[in-house]
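Colleague: Let me give you the structure first, and then I'll get to my questions.
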Amino acid sequence: MVPAHTLFVGPIWYTRFATSARREGSPTMFLLRPLARLWLGGLAATALAFTLLLAVRALAPFAPWHASPALFASDPLPHTIDRPPRSTLTLTFTQPMNPASVRAALRLDPPTPGHFVWSADATTLTFRPTLTFTPASTYTLRLDTQAQSRWWQPLAQPFTLTFTTAAQPALIAALPAGTAVPATSPLALVFSQPMVPAASLGQPVTLPELGSHPPLDLQGQWLDQQTLLLTSATPLAPATRYTFNLAAQLSDQRGVTLGSNLRWSFSTAWPELYAFAPPDQARGVSPREPLRLHFAAPLDEALLRQTIQFTPTITGTWQSATDTNGYHVTFTPEAGWAYGVTYEIALVAPANDAHTPPLAAWRFSVAPQPRLVALFPGQGQLLAPGDPIRLIFSTPMDEASLRTGLRFDPPVPNFDLSLNESEVRLLAPLQASTLYTLTLAATTRDRAGEPLGSEALVRLRTAAARPALHAPNAFANIRQLSPVAPSSLTLEVTNLAALDLSIYPLDEATLLRLLALRRDEWPAFNPTRYGQSLARQWRVIPGSSLNASERLSVPLSLSASAALPAGAYFLRITSPEGPRSDLLLLVSDLRLTLQHHADHALVWATDSSGQPRANLPVALYQGATLLGSGQTDAEGLWRFPAEEGGGAESGRTEEQGTEEQGTEEQGTEEQGT
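My numbering puts the sequence shown at residues 896 to 1568.
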C-alpha cells in the first residue's frame, strides 16, 4: 500500500515506493524494477524528440531549399482611391503563412476594429471591419518582416498599402417636408453623388430601397444624376403623416452605398372645409339639427373624431359620404343638443401630431325648450273688446301645431291666428264680460318639432263691450226723411247711459259748406258759427242691459210734438261715454237721379210715388261751386251739357233748397234729392 503522504512525482515516487517496498520486504519488488526501466526509457526518448524539434526550428529558416515568403497580391492595390467604405482588405502570400506571426506583424492606421479570416491553405488573409471603413478617409496598412511562413521563414521585405475610402452618397434634400403639404405635391430626393449613369435620365424607375407608411405605389424618374422625382399612383391622403425609409443598401453610380438607413416624414394639409352647419354665431338651432361638415376631399374618419372637440362634450353617431362635390360628414347627437346651451366646435390637432386644422373654432346656440314666456293680457286680466290675445313663446312656433293644440273654454268656433316668429296673435269673437281659459296641449310643437312638454293654461276675462252708437239707416252720415209721416231716427246703442241730441236747421249756404267738409271734419262743425240756431236739444235714456245692443227709434221734431218740416237739418248726438254721431237730415219727398254721359248730364226729378216733377228748379254743384242750374221739363228731366263745365262727373243737385251729393260714371245712375 502507498502511504497517504506519498507524492507521485516521477522517480521520487518510485524511489520512495521502492525503499518502502524493500523496507517492508514486499514480494512485488521484482515486478516494479522492469516497469521503472521502461518509464525511464520513455522519458529519455521524449527529451530527445523535443531537442530534435528545437534544432529543426532553429535551423529551418536557414535551409537552402525553403524560399522566403512574399506578398503576392493585395486588394485594394496600393494608392487606391474611392474605395467603398463597406469593403474588405485581402492579402495573398506566395506560400502558407504562420497566422500568429502575420497578425503580430500587421498594423492598420487609423485603427479599425474587425476580424481576420484565413483561407484553408493559409495563403490568403482577409480583414473584415466590424462596421465599415470611415468614408472619405486615408488608411495605411503596414506588414513588417516579423511575418513568417509556416516554416518560420520571415517575410522577404516589409509591405505598405495606402488607400482612400470613397465619400458615401448622402441625401441632401427630401421634399416635401414639414406640415400642411398639399395632397397633390410630388416627392423629390436630391443626393450628394451621381446615383445613375446619364443614360438612365428620364426613364421610369422603381426604388425598392424606398418604403413608406402608409404604403404608396411610387414611380420614379431621374431628372438628373442626383435628383429623383417620385409620383404616387394615388393622391396623398389629406391630414396624414407619411414616413419614408431609405435603406442603406442604396448605392450610387460608383457602387458606394448610403451606409445607414435614412428616415424622414411630412404631414399633408387638411382638405378645405367648404361649409359647415350650423353656421358660426347661429341662434335658435334645433336640438335635433345635426352637425354637417363639407370637406373638399375624403378624410380619415378616425382622425376627424380625434381632432374635433365639442365644448361642452357630447356623444353621437357619425356618418360620412363621398360624392363629386367632396366629402360630407354628419354628426348626430344621441340625445340631441341640450336646450339653451351654446356649443363651441373646434378642430384641434392631437398633441403628438403636427396637422393644422383648417379653421378656428365656431359657436352656435341651441334654442331653448319651447314654452310660453309671456302673454297679453296677463293671467286673469281684462281683455279689451277688439284687442288681440298675444302669446310670446321662447322659440318660433309651428302654426299648424298651434291650431291643433289650442282650445278655448267656453268654446270659440272660429278665430284668426297670425304668427310672427315667436309671437302669436289671436283675434276671436269673444263674448264681453266673460271668463275664458285658453289651453295649449303639451304636444304643441315649435318650428323645429320640439314639443312644449307640459300643458299651458291662460285665463283671462273679457271687458264689457265698448260703448257704441250707430245710425244704421244713414248713408254717408246723410238720412232722408219724409215730410208727410212723423219723422224718427233709428239708432243702435251699446252700453250708453244717455243720448244728448241737438238739431239745427240749415240754410243753403251752410248746407253747401257742410257738404264740402270731409267726414272726419264733421265733429268740429259748429252750425252756430254760420248763424244757424239751435232748434231743439233733448236727452234720451236707453233701457238696454250691460253689453246688449239696443235699437232705439228716436222721434225727431223741432218741438216735443210737432213733425219736422221739409228742409235740411244738422243733428248732433253725443253720450257721456264718448260715442257720438253727426248726421245731415234731408226732409223731402223728392227723388233726384243723376246720369252722366260723354257730352252731357241728365237730372231726373220724381216724387215719392215715382211721378215726374215738371218745372222744378234744379242746381248742380261741385263742392261749394255752382256748375249750372235749370228747370225740369214735362218729363221731369233737366239736361246739362258737359262742355259748359267739366265737373258734371261729381256734383250735387239741388231743388227748392235741398240737395244731394252724387258721384256718377258714364252710363250709371244714382238716386238723389
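Think of the CB as a built atom: it goes at the ideal place given N, C-alpha and C, for glycine as much as any other residue.
#1: Near Gly1348, which residues of its chain fall below 7 Å by C-beta distance, leaving aside the five closest residues on each side in sequence?
#2: Quick check on this structure: which residue in Pro1005, Leu1020, Asp1004 has the alpha carbon closest to the alpha carbon of Phe1011?
#3: Look up Arg1266 in the DSSP assignment and say whether it is helix, strand or coil.
#4: Would a C-beta distance cut-off of 9 Å place Pro1280 and Ala1358 closer than the cut-off?
#5: Alpha helix (DSSP H) containing Gly1300: first to last residue?
#6: Any idea which residues DSSP pairs Arg981 with across the strands?
#7: Go ahead and label Arg1298 buried or exposed: buried means 16 or more other beta carbons lie within 10 angstroms of its beta carbon, across all protein chains shown.
#8: Kindly list the residues whose CB is nearer than 8 Å to the CB of Val1076, restricted to its own chain and excluding five residues on each side of it in sequence; keep chain order.
#9: Pairs of beta-carbons, one from the segment 1187 to 1204 and one from the segment 1218 to 1226, closer than 8 Å: are there three or more?
#10: DSSP state of Trp1433, grouped into three classes?
#11: Starting from Asn1315, follow its DSSP beta bridges and name the residues at the other end.
#12: What does DSSP give as the partner residue(s) for Ile1398 in the beta ladder?
#13: Going by DSSP, what residues sit across from Ser1476 in a beta bridge?
#14: With a threshold of 16 other CB atoms inside 10 Å of the CB of Thr1152, please say whether the residue is buried or exposed.
#15: Compute the Euclidean distance between the alpha carbons of Ala1051 and Thr1018, then round it to the nearest angstrom.
#16: Should Ala1543 go down as buried or exposed, given a rule of 16 or more other Cβ atoms within 10 Å for buried?
#17: In its own chain, which residues sit with a C-beta less than 6 Å from the C-beta of Gln990, not counting the 5 before and 5 after it?
#18: Is it true that the CB of Ile976 sits closer than 9 Å to the CB of Phe1086?
#19: Please name the residue or residues paired with Ile1373 in a DSSP beta bridge.
#20: Determine the contact status of Pro1507 and Ala1514, defining contact as a CB-CB distance below 9 Å.
#21: Which one of Leu1396, Ala1404, His1365, Pro1378 has the shortest CA to CA distance from Thr1385?
#22: Can you list the beta strand (DSSP E) stretches of 3 or more residues lying completely in the segment 1182 to 1210, in chain order?
#23: Ser1503: which of Thr1488, Pro1450, Tyr1516, Thr1208 sits nearest, CA to CA?
#24: Spell out the partners DSSP gives Thr1129 in its beta bridges.
#25: Look at the alpha carbon of Leu1314 and the alpha carbon of Gly1179, and state the distance between them as a whole number of angstroms.
#26: Mind checking which residues open and close the beta strand (DSSP E) that includes Glu1387?
#27: With a 10 Å radius around its C-beta and 16 neighbouring C-beta atoms as the bar for buried, classify Ala944 as buried or exposed.
#28: Thinking C-beta only, is Ile1203 closer than 9 Å to Ala1241?
#29: With DSSP run on the structure shown, which of helix, strand or coil describes Thr1423?
#30: Using 10 angstroms around the beta-carbon of Ser1470, count the other beta-carbons present and answer buried if the total reaches 16, otherwise exposed.
#31: Would DSSP call Glu1539 helix, strand or coil?
#32: When you compare only the Cα positions, how much space is there between Glu1229 and Trp1213?
#33: Asp1415 by DSSP, collapsed to three states: which one?
#34: Give me the DSSP bridge partner(s) of Ser1107.
#35: Round the Cβ separation of Leu1003 and Phe988 to the nearest angstrom and send it over; I've been treating them as touching at under 8 Å.
#36: According to DSSP, simplified to helix, strand and coil, what is Leu1066?
Modeller: The short version:
#1: Gln1264, Ala1337
#2: Leu1020
#3: coil
#4: yes
#5: 1294 to 1300
#6: Answer is none; Arg981 lacks a bridge partner.
#7: exposed
#8: Leu1131, Phe1161, Ser1162, Thr1163, Ala1164
#9: yes
#10: strand
#11: Glu1318
#12: Arg1431, Leu1466
#13: Ile1468
#14: buried
#15: 15 Å
#16: Legend: pLDDT at Ala1543 = 48, less than 50; position of this residue unreliable, value from coordinates given subsequently. When all chains shown are included, Ala1543 counts as buried.
#17: Pro964, Ser1044
#18: no
#19: Phe1370, Leu1479
#20: no
#21: His1365
#22: 1186 to 1190, 1203 to 1206
#23: Thr1488
#24: Thr1129 pairs with nothing; no bridge assigned.
#25: 17 Å
#26: 1383 to 1389
#27: exposed
#28: yes
#29: helix
#30: buried
#31: Only weak support exists for where Glu1539 lies, its pLDDT of 48 falling under 50; the coordinates are left without a value.
#32: 10 Å
#33: helix
#34: Phe1139
#35: In fact, because the Cβ distance is near 17 Å, the residues do not count as touching under 8 Å.
#36: strand
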